[in-house]
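Single-structure report; data block below.
Number of protein chains: 2
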Amino acid sequence: MTNISKYVIGVDIGGTNVKLGLVDPRGKVLLRSSLATKHFGKSPEALIEAICEAVEALTGKNRLGKKDISGVGIGLPGLVDADKGVVRMLPNIPGWAEVPLRRIMERRLGLSVRIENDVNMITLGEWEYGAGKGIENLICMTMGTGVGAGLILNNAIYRGPGFAAGEIGHAPLHQKGPVCGCGGWGCFEQYVGNKRLQKDAARLFGKKDISLEDVSRRAAEGKKKALKFWAQVGETVGQGLIGPVNILNPERIIVGGGVARSLEFMKPAIEKVLKQRCMKTQAEMVRIVPALLGNDAGIIGAQVLIRHENKN
Amino acid sequence: MTNISKYVIGVDIGGTNVKLGLVDPRGKVLLRSSLATKHFGKSPEALIEAICEAVEALTGKNRLGKKDISGVGIGLPGLVDADKGVVRMLPNIPGWAEVPLRRIMERRLGLSVRIENDVNMITLGEWEYGAGKGIENLICMTMGTGVGAGLILNNAIYRGPGFAAGEIGHAPLHQKGPVCGCGGWGCFEQYVGNKRLQKDAARLFGKKDISLEDVSRRAAEGKKKALKFWAQVGETVGQGLIGPVNILNPERIIVGGGVARSLEFMKPAIEKVLKQRCMKTQAEMVRIVPALLGNDAGIIGAQVLIRHENKN
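Those protein sequence lines, which keep their order, are chains S and H.
Convert by adding 208 to the 1-based position in the first sequence; the result is the number in the numbering used here.
Convert by adding 208 to the 1-based position in the second sequence; the result is the number in the numbering used here.
What follows is the structure, given as structure tokens:
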């Protein structure tokens with residue numbers, strides 16, 4: 209197990225930025241860098257080369273050699289074949305279709321590379337070093353423009369045979385409802401995704417440009433309307449979690465993403481719904497907790513992915 | 209791996225009958241017997257003793273000794289701690305609470321005993337010898353008075369930390385809806401459980417005592433009203449499966465239970481809903497198939513459970 213003492217480079221590719229970090233054997237991010245995703249045009253080649261240079265810069269700065277790096281873990285916002293190391297499709301970054309990223313980067317860098325869906329990467333980070341430490345069965349839900357989740361089941365990440373599992377944002381809340389980007393309708397995400405929440409907040413406060421951060425600030429100040437807003441969001445979040453909780457019987461639901469900063473205002477309502485409507489065992493076991501690793505979760509998750517891969 | 213060549217006694221405890229079977233190493237049921245559950249009163253002791261005697265009778269009849277039996281697998285309709293071998297609670301068989309069934313029967317019989325939830329036992333049987341052969345990720349749904357499911361994920365049964373996973377019948381279809389026995393409301397089971405289907409059929413056909421079997425017979429004869437009935441049930445079943453399919457990305461959904469005999473009439477409607485409303489990868493991968501083992505599934509599943517336990 210000599211790899212345990214080695215460092216990992218974590219790469220978190222998003223639609224706006226690519227974040228990189230050098231992660232030590234205990235999950236601490238020692239060094240960071242970032243790139244602007246769109247700067248590199250519409251074909252993956254230029255972006256991949258820029259990432260490779262950034263990886264080399266990170267190791268160079270810390271005077272590490274290849275022998276000190278146990279691998280590079282890359283999180284991507286889309287469908288990723290983690291076994292074959294192929295990026296199948298990224299909905300928000302054009303040009304990425306069936307890209308054998310692992311092979312390309314391993315050849316270019318001479319390092320072991322693993323790739324993973326970004327939500328799964330966050331889940332791995334929170335599971336090992338964050339809000340899910342020591343928990344064998346959990347849902348790590350990210351709430352932002354989209355609502356997704358990573359699943360830790362029987363003490364392992366559950367990706368599904370098509371690497372598409374965890375889409376709790378696309379379990380319908382209603383049988384009639386707004387059409388969703390996924391092609392379905394009435395999806396959970398349509399009721400608690402950022403766009404909808406911002407619209408709801410604008411209407412409630414009569415201010416077109418109010419941000420969800422503003423509403424959270426008002427809630428923190430004890431303003432009733434803002435507290436009511438988040439309680440109502442919490443009720444809807446609870447409704448969306450009944451099915452996953454009854455089906456998966458998780459011990460923990462970790463809530464991450466921008467909206468998670470307001471979890472304290474939503475939590476009583478979420479818990480009330482789950483207590484009222486979930487089955488007894490499931491309701492008694494589950495705890496709702498905030499994500500702990502913030503923006504570093506994906507980079508730290510890369511370390512977990514590489515470590516687990518090296519064990520096998 | 210000498211156990212592979214041994215026989216297993218499968219025991220399927222239901223609210224009405226206890227079914228027993230001697231299962232050979234290839235999953236064939238060689239010999240059967242049964243008991244009337246209620247005949248043995250309200251305390252578990254008498255029923256357990258009767259089951260032990262029936263187990264001994266089954267081995268005796270076939271001139272087998274203890275050395276030929278690798279174990280006894282018992283499926284129970286309720287909450288079962290499969291790790292500790294304790295029956296936590298059986299909603300429809302009074303008197304069973306925190307019964308250390310495994311220990312009691314191992315002492316009494318001098319055989320290795322494993323216990324499991326009955327739906328999980330059916331799932332194990334269908335997975336190994338029935339409609340799920342060779343599939344690493346599947347949902348085995350049973351439709352009857354209740355609607356439940358067993359989950360095979362990453363090539364293993366997923367029980368959940370409280371042994372309560374798989375309750376797809378209690379994922380809500382609607383946020384307002386009929387109150388359910390589980391304490392929640394709007395649950396999938398309330399729309400496709402036998403009671404509701406029988407009511408719907410009685411109303412549609414204007415015949416109070418029409419059975420679901422009657423409606424299936426009429427559908428098989430090509431009667432339009434009956435075909436329409438099952439198509440509508442199929443649509444609702446499809447609605448209830450969108451969430452589980454998007455969350456778990458299963459390759460197969462096996463449909464068992466009494467209503468499954470009408471699956472052929474429901475299947476086009478189920479598939480239409482899943483194709484319309486599930487995410488692309490999930491919709492393309494999933495197949496809806498009927499259970500193949502019928503009433504033997506639980507007994508055959510016991511053989512799978514014992515075999516897998518002996519491997520560990």
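For glycine and all other residues, C-beta sits at the position ideal for the given N, C-alpha and C.
Cβ of residue i within 8 Å of any chain H Cβ
i: Cys348(S); result: no
i: Asn363(S); result: no
i: Ala339(S); result: no
i: Thr331(S); result: no
i: Thr353(S); result: no
i: Trp393(S); result: yes
i: Gln398(S); result: no
i: Ile496(S); result: no
i: Asn211(S); result: In this prediction, Asn211(S) has a pLDDT of 45, which is less than 50 and means its spatial position is unreliable; nothing more can be read from the coordinates.
i: Pro369(S); result: yes
i: Ile186(S); result: Summary: the structure shown does not reach residue 186(S), with chain S confined to residues 209 through 520, and so no result is reported for it.
i: Cys390(S); result: yes
i: Leu287(S); result: yes
Status (buried if at least 16 other CB within 10 Å, exposed otherwise) for residue i
i: Asp291(S); result: exposed
i: Ile212(S); result: Confidence at Ile212(S) is low in this model, with a pLDDT of 48, below 50, so its placement is unreliable and the value that follows should be read with caution. The residue in question, Ile212(S), is exposed, as its Cβ has fewer than 16 Cβ neighbours within 10 Å.
i: Ser419(H); result: exposed
i: Glu397(H); result: buried
i: Gly392(H); result: buried
i: Lys227(H); result: buried
i: Met209(S); result: Bear in mind that the predicted position of Met209(S) carries a pLDDT of just 41, short of 50, making it unreliable; the figure below should be weighed with that in mind. The residue in question, Met209(S), is exposed, as its Cβ has fewer than 16 Cβ neighbours within 10 Å.
i: Arg423(H); result: Contrary to the premise, residue 423(H) reads as Val rather than Arg in this sequence. Buried, since its Cβ has 16 or more Cβ neighbours within 10 Å.
i: Leu359(H); result: buried
i: Asp417(S); result: exposed
i: Val280(H); result: buried
i: Arg234(S); result: exposed
i: Arg315(H); result: exposed
i: Ser251(H); result: exposed
i: Arg311(S); result: exposed
i: Pro380(S); result: buried
i: Asp276(H); result: exposed
i: Arg322(S); result: buried
i: Asn345(H); result: buried
i: Leu238(S); result: exposed
i: Asn363(S); result: exposed
Selected residue, minimal CA-CA separation from residue i, among the options
i: His576(H); options: Gly223(H), Glu459(H), Ser320(H), Gly506(H); result: Given a span of 209 to 520 for chain H in the structure shown, any question on residue 576(H) remains unanswerable.
i: Val295(H); options: Gly273(H), Phe371(H), Ala254(H), Arg240(H); result: Phe371(H)
i: Tyr366(S); options: Ile347(S), His378(S), Gly354(S), Gln484(S); result: Ile347(S)
i: Arg460(H); options: Ala491(H), Gly354(H), Glu517(H); result: Ala491(H)
i: Gln440(H); options: Arg404(H), Leu228(H), Leu238(H); result: Arg404(H)
i: Pro369(S); options: Asn503(H), Val219(H), Gly229(H), Asn457(H); result: Asn457(H)
i: Arg469(H); options: Thr489(H), Ile507(H), Ala510(H), Arg425(H); result: Arg425(H)
i: Gly451(H); options: Ala410(S), Gly377(S), Asp408(S), Ala305(S); result: Gly377(S)
i: Ala258(H); options: Gly268(H), Ala244(H), Arg271(H), Asn270(H); result: Ala244(H)
i: Leu496(H); options: Leu266(H), Met474(H), Arg515(H), Tyr399(H); result: The sequence given here places Ile at residue 496(H); Leu does not occur at that position. When only C-alpha atoms are compared, the closest one is Met474(H).
i: Lys415(H); options: Ala434(H), Val463(H), Glu429(H), Gly430(H); result: Ala434(H)
i: Lys480(S); options: Ala499(S), Gly502(S), Gly448(S), Leu255(S); result: Gly448(S)
i: Asp232(H); options: Glu429(H), Tyr337(H), Gly389(H), Gly464(H); result: Tyr337(H)
i: Val400(S); options: Gly249(S), Glu443(S), Leu266(S); result: Glu443(S)
i: Gly354(S); options: Thr331(S), Gly464(S), Ala428(S), Thr267(S); result: Gly464(S)
Proximity test, Cβ basis, 8 Å: residue i and chain S
i: Gly374(H); result: yes
i: His200(H); result: Outside the displayed span of chain H (209 to 520) sits residue 200(H), for which this structure offers no information.
i: Arg455(H); result: Sequence inspection shows Ile at residue 455(H); the Arg mentioned does not correspond to that position. Yes, contact with chain S.
i: Asn345(H); result: yes
i: Leu284(H); result: no
i: Tyr215(H); result: no
i: Gln406(H); result: no
i: Thr224(H); result: no
i: Trp335(H); result: no
i: His382(H); result: yes
i: Leu228(H); result: no
i: Thr267(H); result: no
i: Tyr511(H); result: In the sequence as presented, Tyr is not what sits at residue 511(H); that position holds Gln. No, no contact with chain S.
Check distances from the C-beta atoms of the region 415-446 of chain S to those of chain H and list, in chain order, the residues that come in under 8 Å.
-> Listed by position along the chain: nothing, the set is empty.
Using Cβ-Cβ distances below 9 Å, what residues of the region 460-486 of chain S are close to chain H?
-> Sequence-ordered contacts of the region 460-486 of chain S with chain H read Gln484, Arg485, Cys486 [C-beta pairs closer than 9 Å].
Of the residues that make up the region 294-328 of chain H, which ones have a beta carbon closer than 7 Å to any beta carbon in chain S?
-> The region 294-328 of chain H vs chain S, Cβ under 7 Å: nothing.
Taking any Cβ of chain S, which residues in the region 234-259 of chain H have a Cβ under 8 Å from it, in chain order?
-> If the cut-off is 8 Å between Cβ atoms, the region 234-259 of chain H has nothing near chain S.
Can we say the region 406-414 of chain H touches the region 504-513 of chain S, given the rule of at least three CB pairs closer than 8 Å?
-> Fewer than three beta-carbon pairs drawn from the region 406-414 of chain H and the region 504-513 of chain S are found closer than 8 Å, and the two stretches are therefore not classed as touching.
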